[in-house]
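Numbering (UniProt numbering), first residue to last: 1 to 117.
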(Lines of atoms letter the chains of each structure in order from A and count residues from 1; the text may use other names and numbers.)
(Lines give C-alpha, C1' and ligand atoms only; values in the text may rest on other atoms or scores of the structure.)
Protein backbone atom coordinates (compact mmCIF):
# COMPACT_ATOMS: atom_id res chain seq x y z
CA UNK A 1 0.00 0.00 0.00
CA UNK A 2 2.88 2.37 0.78
CA UNK A 3 3.95 2.22 -2.89
CA UNK A 4 0.63 3.60 -4.17
CA UNK A 5 1.11 7.15 -5.48
CA UNK A 6 -1.90 8.78 -3.80
CA UNK A 7 -0.94 7.12 -0.49
CA UNK A 8 2.55 8.64 -0.79
CA UNK A 9 1.10 12.04 -1.73
CA UNK A 10 -1.25 11.95 1.29
CA UNK A 11 1.61 11.14 3.69
CA UNK A 12 3.75 13.92 2.16
CA UNK A 13 0.96 16.49 2.67
CA UNK A 14 0.46 15.26 6.24
CA UNK A 15 4.15 15.51 7.12
CA UNK A 16 4.38 19.06 5.72
CA UNK A 17 1.33 20.23 7.70
CA UNK A 18 2.86 21.98 10.70
CA UNK A 19 -0.34 22.24 12.77
CA UNK A 20 -1.03 18.50 12.52
CA UNK A 21 2.41 17.85 14.04
CA UNK A 22 1.75 20.41 16.77
CA UNK A 23 -1.68 18.96 17.54
CA UNK A 24 -0.75 15.27 17.66
CA UNK A 25 2.73 15.95 19.00
CA UNK A 26 6.16 15.17 17.66
CA UNK A 27 7.57 12.76 16.87
CA UNK A 28 4.67 11.70 14.67
CA UNK A 29 4.70 8.04 13.68
CA UNK A 30 2.69 6.70 10.75
CA UNK A 31 1.28 3.23 11.29
CA UNK A 32 0.25 0.61 8.77
CA UNK A 33 -3.24 0.59 7.34
CA UNK A 34 -5.14 -2.63 8.09
CA UNK A 35 -5.23 -4.36 4.70
CA UNK A 36 -7.93 -6.73 5.96
CA UNK A 37 -10.30 -3.83 6.69
CA UNK A 38 -11.92 -3.63 3.24
CA UNK A 39 -14.48 -1.06 4.39
CA UNK A 40 -11.83 1.57 5.18
CA UNK A 41 -8.88 0.48 3.02
CA UNK A 42 -9.50 -0.29 -0.63
CA UNK A 43 -8.64 0.64 -4.19
CA UNK A 44 -11.69 0.29 -6.41
CA UNK A 45 -12.28 1.00 -10.08
CA UNK A 46 -13.16 4.67 -9.51
CA UNK A 47 -12.70 5.33 -5.77
CA UNK A 48 -9.98 4.63 -3.24
CA UNK A 49 -9.96 5.07 0.52
CA UNK A 50 -7.32 4.54 3.21
CA UNK A 51 -7.49 4.86 6.99
CA UNK A 52 -3.92 5.39 8.17
CA UNK A 53 -3.19 5.21 11.93
CA UNK A 54 -1.13 8.05 13.41
CA UNK A 55 0.70 8.08 16.74
CA UNK A 56 1.87 11.34 18.31
CA UNK A 57 3.34 12.39 21.64
CA UNK A 58 0.11 14.25 22.59
CA UNK A 59 -2.62 12.30 20.85
CA UNK A 60 -3.23 9.49 18.36
CA UNK A 61 -5.54 9.58 15.38
CA UNK A 62 -6.19 8.52 11.82
CA UNK A 63 -5.65 10.08 8.43
CA UNK A 64 -8.67 9.45 6.21
CA UNK A 65 -7.53 9.48 2.57
CA UNK A 66 -10.11 9.79 -0.22
CA UNK A 67 -9.13 9.60 -3.91
CA UNK A 68 -10.98 9.27 -7.23
CA UNK A 69 -10.21 8.75 -10.88
CA UNK A 70 -12.22 9.21 -14.05
CA UNK A 71 -11.92 5.60 -15.24
CA UNK A 72 -10.01 2.46 -14.35
CA UNK A 73 -7.15 3.39 -16.72
CA UNK A 74 -6.48 6.87 -15.32
CA UNK A 75 -4.42 7.88 -12.28
CA UNK A 76 -6.04 8.45 -8.89
CA UNK A 77 -6.17 12.06 -7.65
CA UNK A 78 -6.47 12.92 -3.98
CA UNK A 79 -9.89 14.39 -3.27
CA UNK A 80 -9.76 14.94 0.47
CA UNK A 81 -7.64 14.31 3.58
CA UNK A 82 -9.24 14.36 7.01
CA UNK A 83 -7.49 14.07 10.35
CA UNK A 84 -9.56 12.19 12.94
CA UNK A 85 -8.27 12.32 16.51
CA UNK A 86 -8.77 9.59 19.10
CA UNK A 87 -11.15 12.03 20.83
CA UNK A 88 -13.44 11.87 17.78
CA UNK A 89 -12.75 15.35 16.39
CA UNK A 90 -12.27 15.67 12.61
CA UNK A 91 -10.30 18.26 10.67
CA UNK A 92 -10.19 18.82 6.93
CA UNK A 93 -6.52 19.26 6.06
CA UNK A 94 -6.71 19.01 2.25
CA UNK A 95 -9.37 19.15 -0.41
CA UNK A 96 -8.76 19.18 -4.15
CA UNK A 97 -12.05 20.91 -5.00
CA UNK A 98 -11.40 24.06 -2.96
CA UNK A 99 -7.60 24.24 -3.24
CA UNK A 100 -7.22 25.55 0.30
CA UNK A 101 -4.01 27.13 1.59
CA UNK A 102 -0.82 25.11 1.41
CA UNK A 103 -0.73 24.78 5.20
CA UNK A 104 -4.26 25.55 6.39
CA UNK A 105 -5.02 26.41 10.00
CA UNK A 106 -6.94 23.95 12.11
CA UNK A 107 -10.12 25.41 13.51
CA UNK A 108 -9.48 26.78 17.00
CA UNK A 109 -13.03 25.89 18.10
CA UNK A 110 -12.40 22.24 17.35
CA UNK A 111 -9.23 21.67 19.37
CA UNK A 112 -9.57 18.11 20.66
CA UNK A 113 -9.00 16.86 24.15
CA UNK A 114 -5.46 15.63 24.46
CA UNK A 115 -5.41 11.89 24.97
CA UNK A 116 -2.19 11.87 26.99
CA UNK A 117 -2.27 14.06 30.08
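Ideal Cβ positions, reconstructed from N, Cα and C, are used throughout, including at glycine.
Given a cut-off of 8 Å on the beta-carbon distance, is the pair residue 90 and residue 82 in contact?
On the chain shown, residue 90 is found 90 positions in, with the first residue counted as 1. On the chain shown, residue 82 is found 82 positions in, with the first residue counted as 1. For residue 90 and residue 82, yes; Cβs fall inside 8 Å.
If we define contact as Cβ-Cβ less than 8 Å, is residue 34 a contact residue for chain E?
This model lacks chain E altogether, as it is built from one protein chain only.
Return the Cβ separation of residue 28 and residue 54 in integer angstroms, given the expectation that the two are a contact with Cβ distance under 8 Å.
The count along the chain shown starts at 1 and reaches residue 28 at position 28. The count along the chain shown starts at 1 and reaches residue 54 at position 54. Between residue 54 and residue 28 the Cβ distance is about 6 Å, and since that is below 8 Å, they are a contact.
Please classify residue 7: does DSSP put it in a helix, a strand, or coil?
On the chain shown, residue 7 is found 7 positions in, with the first residue counted as 1. Here residue 7 sits in helix by DSSP.
Between the Cα of residue 93 and those of 44, 41, 74 and 16, spot the shortest distance and give me the residue it belongs to.
Counted from its first residue, the chain shown places residue 93 at position 93. Of the candidates 44, 41, 74 and 16, the one whose C-alpha sits nearest the C-alpha of residue 93 is 16.
Only counting the same chain, and skipping five residues up and downstream in sequence, which positions put a Cβ closer than 6 Å to that of residue 4?
Counted from its first residue, the chain shown places residue 4 at position 4. For residue 4, where only same-chain residues beyond five positions count, there are no Cβ hits under 6 Å.
Under 8 Å between the Cβ atoms of residue 59 and residue 85?
Along the chain shown, one-based indexing puts residue 59 at 59. Along the chain shown, one-based indexing puts residue 85 at 85. Yes, Cβ-Cβ distance for residue 59 and residue 85 is below 8 Å.
Which two residues bound the contiguous beta strand (DSSP E) that contains residue 65?
Translated into the one-based positions of the chain shown, residue 65 becomes position 65. It spans 60-68 - the beta strand (DSSP E) in which residue 65 sits, taken as one unbroken run.
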